[in-house]
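Shown next, in structure tokens, is the structure this report addresses.
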Amino acid sequence: MRVTVLFIALFLLSSAWTFGQLNTIYLSNNEAASQWRGNPAFQGKEKVFLYILPAVSSFDISAGHTGFTYNDAVQGKTVNFSSVIDGLKKKNHLLFENRISMFALGLKAGKTQFRIGMDVATDMRFSYPGELIELLWKGNGHPDVIGRNLDMSGLGLNFISYYDYFIGLSRTMMDDKLAVGANLHYMQGLETIYTKTSEFYFYTDPNDYALTASGAFDLKTSLYSDTTDIPDDRYFPFSNSDNTGMSFDFGATYKFSDRLDLQASALNIGSINWTTQAKSFVLDGVSITYDGLELDDIYDQSDSVETSLENVADSIADLFELDERAGSFKTPSNARYILSADYALGAKNHVQFTYAHMRSFNQGFNTVVGMFRRDFSPLFSVQGGLQFFNFRHLLVPIAFQFNPGPVQLAVGTGNVVSAFGYKNMKFLSGHFSLSLRFGKQRSPRVDD
Amino acid sequence: MRESPAFKSLFLKSTLKIKPMKKILLVCISLLLFLASCEPDELEYEDYRPIVAVPLIHSILDVYDVLERVDSLNELIVIDDDGLLALTYQGKLFSLELDDVLNFPNISESFNGSITAGQATSLNSGLNATFSASYPIELNIDVESSTVRIDSILLEGGDLQLNINLIQDEFVAGSLTIPGLFDAQGDPVIIAFVPSDFVNGVLNRSINLAGYRLFPTYTPPNDNAINLNAELSLSDNTDNTASAGQFFNASLSLNNFNFSYVFGYFGQIAVNTDQDSVTIRIFENAIDGYFHLEEATINLLTTNSFGLPVSVGFTNISSINLNTGVITPLNLSESFEIGGQETINSSPSISNFVIDNNNSNIGDFLEPTPKTVFFQLNATSNPDGEPIPPNTNFVASGSRLDVDIEVLLPLFGYAQDIIIRDTLDTEISFDDFDEVDSLELKLFTINGFPADAEIQLTFLDEFDNVIDFLFEGGQNNLTLFMESGITNDQGIVISSTELITTRTLDAVGAENLEQTRKIIVTSRLNTFESDLQNVVRFMDDYTLEVKLGVKIFGNIEL
Chain A
1 MRVTVLFIAL
11 FLLSSAWTFG
21 QLNTIYLSNN
31 EAASQWRGNP
41 AFQGKEKVFL
51 YILPAVSSFD
61 ISAGHTGFTY
71 NDAVQGKTVN
81 FSSVIDGLKK
91 KNHLLFENRI
101 SMFALGLKAG
111 KTQFRIGMDV
121 ATDMRFSYPG
131 ELIELLWKGN
141 GHPDVIGRNL
151 DMSGLGLNFI
161 SYYDYFIGLS
171 RTMMDDKLAV
181 GANLHYMQGL
191 ETIYTKTSEF
201 YFYTDPNDYA
211 LTASGAFDLK
221 TSLYSDTTDI
231 PDDRYFPFSN
241 SDNTGMSFDF
251 GATYKFSDRL
261 DLQASALNIG
271 SINWTTQAKS
281 FVLDGVSITY
291 DGLELDDIYD
301 QSDSVETSLE
311 NVADSIADLF
321 ELDERAGSFK
331 TPSNARYILS
341 ADYALGAKNH
351 VQFTYAHMRS
361 FNQGFNTVVG
371 MFRRDFSPLF
381 SVQGGLQFFN
391 FRHLLVPIAF
401 QFNPGPVQLA
411 VGTGNVVSAF
421 GYKNMKFLSG
431 HFSLSLRFGK
441 QRSPRVDD
Chain B
1001 MRESPAFKSL
1011 FLKSTLKIKP
1021 MKKILLVCIS
1031 LLLFLASCEP
1041 DELEYEDYRP
1051 IVAVPLIHSI
1061 LDVYDVLERV
1071 DSLNELIVID
1081 DDGLLALTYQ
1091 GKLFSLELDD
1101 VLNFPNISES
1111 FNGSITAGQA
1121 TSLNSGLNAT
1131 FSASYPIELN
1141 IDVESSTVRI
1151 DSILLEGGDL
1161 QLNINLIQDE
1171 FVAGSLTIPG
1181 LFDAQGDPVI
1191 IAFVPSDFVN
1201 GVLNRSINLA
1211 GYRLFPTYTP
1221 PNDNAINLNA
1231 ELSLSDNTDN
1241 TASAGQFFNA
1251 SLSLNNFNFS
1261 YVFGYFGQIA
1271 VNTDQDSVTI
1281 RIFENAIDGY
1291 FHLEEATINL
1301 LTTNSFGLPV
1311 SVGFTNISSI
1321 NLNTGVITPL
1331 NLSESFEIGG
1341 QETINSSPSI
1351 SNFVIDNNNS
1361 NIGDFLEPTP
1371 KTVFFQLNAT
1381 SNPDGEPIPP
1391 NTNFVASGSR
1401 LDVDIEVLLP
1411 LFGYAQDIII
1421 RDTLDTEISF
1431 DDFDEVDSLE
1441 LKLFTINGFP
1451 ADAEIQLTFL
1461 DEFDNVIDFL
1471 FEGGQNNLTL
1481 FMESGITNDQ
1491 GIVISSTELI
1501 TTRTLDAVGA
1511 ENLEQTRKII
1521 VTSRLNTFES
1531 DLQNVVRFMD
1541 DYTLEVKLGV
1551 KIFGNIEL
């Protein structure tokens, strides 16, 4: 029972609302987890590495909100909704991401690096259109709103939690100039909410206030509606063979010169087929316009006014009633595509520029990152830089790595601003990694 | 007065739409601020002042819908190929049935016979005697005419009853002949009998007269009579001693006369009708204004299945404005002639007498918003006297004369400052308006009719005190809410006119409305350029599109 509670707690912990931006730390250090979270072509400098929960593990959590900041919303002691609305984009996202290494083992033999492991992963994205909030705050009769075809598409919640069992290898060649690698992931889905389609439009005619609403919606879930139905071993690894999926990582690095390394990777390309409690809530494309009651309904029969209004409301509600359908469905894995260039400014200093495209339940996000790393000694290095998430939001990542003996410890954050300026921050993240390493290559003395 | 809780429900339902928005918004705000890591407990919120726009009414009214709202019209018809409309009011002015004109009461005639002393002596000595007599029987015709000549009657039913009662018990044989009464085979009616037909000296005979024909003789002063001829033979009854004097009495009755038709000449029958009326309900609630129709027609449609001509005169035709009581007579001097049905088997004679501008002052008669038109007629048959032979009058069992009236008002004219006023009972509760700052009503009309319309609503409390108006300026300050369509030189609308009217109702207005128990709706109608007396035509393809929406300005404390 205690083990069950432990796994449920672990699952819930991993399901906490967290998420987001690209964790660039993996691209510029040599943590073991970078081999499946950064680039599968990466190889460690040790013969053996090991993560095993709870003593040693790699833990990433990130969260972000592309909409508004606390200071946008609160001025003085007053919540200023006008300012909030001004800060909203057409689509706004609450992004959460969490990865925990439950177990990982790596072996290196010559030019080949083998790895096997298991993560528990949680991704979530709640998206809301800025025009929806504007509509709710200002009302459809507001001069800023009336006469506009409000696009509220994209409204929806996406959530996925799964165990990720992986195996992979990388190998260097061409005198170690080129390294290629791949990982194969077997995924055991736990629960998901997937908004496949979400299109809603709302228009108020400025002349006669006629209301036109149209939309299409497809929400898919694999959830237990009654917690008592959840099997006791539901959240155990290898507990069932339902909700399975496969994905792949591919990567390569190329040492273009003594100073310049080029890196490319494509991570988590695949899908999960959900069968447990799998349902779809579908609204096929509908459109309805309501422009008022017939005069006869009001003039001739007083009782019918209320009835007519209720009938209209019922008709609209019926039109937008979701059709529940049972059946399996697939969710795409949240893939990432990363291009990076690492340039050595000297023996201790590196700069790195990265472009990444990240998928989050069919929504794409782009980011560019510039990082600087200084290796103060073989035991200690520091990374820091700037990231422009979605080319718009500035983040300041910073990380520290310690390598005392067989232990490697890394801590960092994707946005150090969040530590002291939360009222202006939109993103926060934390990175922690503690691994055991054996048979490390002796590092050359670092001289600047 | 009409109850109109409809508007109450309409507004209430509209304002309720704000509440779900508030709930959704609060959930979203709480969620977002939570995610933004703020401390909601310490924060103040600016007032939530959404503006909700709701469409209340959208109707496209055609000409029938519109006129139905200003009038309980009987019928609206298209009277030409272009679609010009006319209002018609139809009704039956009077009817004349056969019983009202001609009746045949039952006839009962008594007669007797006598013998002389010589005949009595002959009988007592065993000899026979003969008796002959002729008895005229007048048909008792009930008709309002001094001169009636019946040429023939085909009977549909009726009974002939003959009773002979012998006073002297002698043997009597013979026959009674009615030469003016023929059976269905065309033979004259002969009632023959022998002495043995008498029972205890009494003889009864009856004849069903269905299919029989009567041919009365008209020899003034005995009008329309038939003769009964008696030819009797008497023989001695040795048990009885005959004596001079009456030896029998008899009676003949003709009952339950029912005829298929009667030919003849019925004279100049005079009929005076009761006064009848037709109510024209258009602008029933009009209290003022000038209403001019270029053309107006009253058709008197007659259907005459009597075989005689009738002349109809007008005892009285007048209209009364029900609002003002002003009575306007129709100046119509002439009478009109109604032809009779030509033959017994032909169709009834149908004719139409038209009262229009050519023979009357009907323009003036209908101009002052008429409400009820009164008619009282008189009729005379055979106005030209007896028809020239071989023509005759006839009536049949189903003969009747119907005079129907049709008032035809082609909607072709102009109306100036027609004021219509109506009062509605209402009760509006604003319990749900606590979070509403004000309302802005917006009326959007696309008017394809050639008429402007202005309106004012006056709100009264339970004591009929005026507490507010929809538009500023008092009860007589009406606001244009429907602007006339543009007409061509024939008065036909060639383009509709759009007009938007808005009215904001603030908190004070809402409070006044809450105390309102009655609403006086005052409207004024003017046809296009009525001040220039331009005539317009109302065509059957006109439409009026009405859209009413409301903007609700909320003020909600979060």
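Residue numbers (this note's numbering), protein chains in the order written: chain A, 1 to 448; chain B, 1001 to 1558.
Even glycine gets a Cβ: it sits at the ideal position worked out from N, Cα and C.
- Within its own chain, the residues whose Cβ lies closer than 6 angstroms to the Cβ of A/K89, once the five positions on either side in sequence are excluded, are G130, listed in chain order.
- Taking all protein chains in view, the Cβ of A/Y209 is crowded by 16 or more other Cβ atoms within 10 Å, so the residue is classified as buried.
- A/W274 is bridged by DSSP to A/F329.
- In terms of beta-carbon proximity, B/I1455 stays away from the interface with chain A, with every pair separated by 8 angstroms or more.
- Within the DSSP bridge table, the entry for A/R336 names A/L267, A/M358 as partners.
- Burial state of B/A1453 is buried, judged by a 10 Å Cβ sphere holding 16 or more other Cβ atoms.
- Only those residues of the region 1290–1305 of chain B whose C-beta falls short of 9 angstroms from the nearest C-beta of chain A would be listed, and there are none.
- Taking every protein chain shown into account, the CB of A/E321 has fewer than 16 other CB atoms within 10 angstroms, so this residue is exposed.
- Against chain A, the CB of B/P1050 has a partner CB under 8 angstroms away; the residue lies at that interface.
- Between the C-alpha atoms of B/S1305 and B/S1347 there is a straight-line separation of about 7 angstroms.
- Nearest C-alpha to B/V1310 among B/G1385, B/I1298, B/N1359, B/T1238: B/G1385.
- Counting C-beta atoms within 10 angstroms of its own C-beta, A/L394 has fewer than 16 neighbours from the protein chains shown and is therefore classed as exposed.
- With 16 or more other Cβ atoms inside 10 Å of its own Cβ, A/K108 counts as buried.
- Not one beta carbon of chain A lies nearer than 8 angstroms to the beta carbon of B/E1557.
- In the DSSP assignment, B/I1287 falls outside any alpha helix (DSSP H) and lies within the beta strand (DSSP E) extending over 1286–1293.
- Contact check for A/N334 and A/S360: beta-carbon distance about 5 angstroms, within the 8 angstroms limit, so the pair qualifies.
- For B/R1503, the enclosing beta strand (DSSP E) begins and ends at 1497–1505.
- Between B/V1101 and chain A, the shortest Cβ-Cβ separation is not below 8 angstroms.
- Around the beta carbon of A/V145, 16 or more other beta carbons lie within 10 angstroms, which makes this residue buried.
- Identification of chain B residues near A/A121 by a Cβ-Cβ cut-off of 7 angstroms yields none; the smallest Cβ-Cβ distance measures about 21 angstroms.
- By the neighbour-count criterion, in which a residue is buried when 16 or more other Cβ atoms sit within 10 angstroms of its Cβ, A/G292 is buried.
- Between B/E1545 and B/I1446, the CB-CB gap stays under 8 angstroms.
- Contact of B/Y1064 with chain A is not assigned, every C-beta pair being separated by 8 angstroms or more.
- Segment contact: the region 1088–1101 of chain B against the region 1228–1239 of chain B, fewer than three CB-CB distances shorter than 8 angstroms; contact not assigned.
- Listed by position along chain A, the residues whose Cβ is nearer than 9 angstroms to that of B/L1056 are Y209, G292, L293, I298.
- Three or more beta-carbon pairs drawn from the region 151–166 of chain A and the region 192–206 of chain A are found closer than 8 angstroms, and the two stretches are therefore classed as touching.
- Under the criterion of beta carbons closer than 8 angstroms, A/V407 and A/L436 qualify as touching, at roughly 6 angstroms.
- Taking a Cβ-Cβ cut-off of 8 angstroms, the neighbours of A/T204 in chain B comprise A1053, given in sequence order.
- Taking 8 angstroms as the cut-off, the Cβ atoms of B/N1378 and B/N1272 count as close.
- Not a single CB atom of chain B sits nearer than 8 angstroms to the CB of A/F159.
- Listed in chain order, the positions of the region 1074–1092 of chain B with a beta carbon within less than 7 angstroms of a beta carbon of chain A would be empty, since no residue qualifies.
- B/K1442 is classed as buried because its beta carbon has at least 16 other beta carbons within 10 Å across all chains shown.
- With respect to the C-alpha of A/S161, the residue from A/T69, A/A121, A/M174 having the closest C-alpha is A/A121.
- In this structure, DSSP gives B/I1298 an extended state, which the three-state scheme calls strand.
- Residue burial annotation: B/Q1246 is exposed, with fewer than 16 other C-beta atoms found within 10 angstroms of its C-beta.
- Using a C-beta cut-off of 8 angstroms, the region 1292–1307 of chain B makes no contact with the region 1192–1206 of chain B, since fewer than three inter-stretch Cβ pairs fall below that distance.
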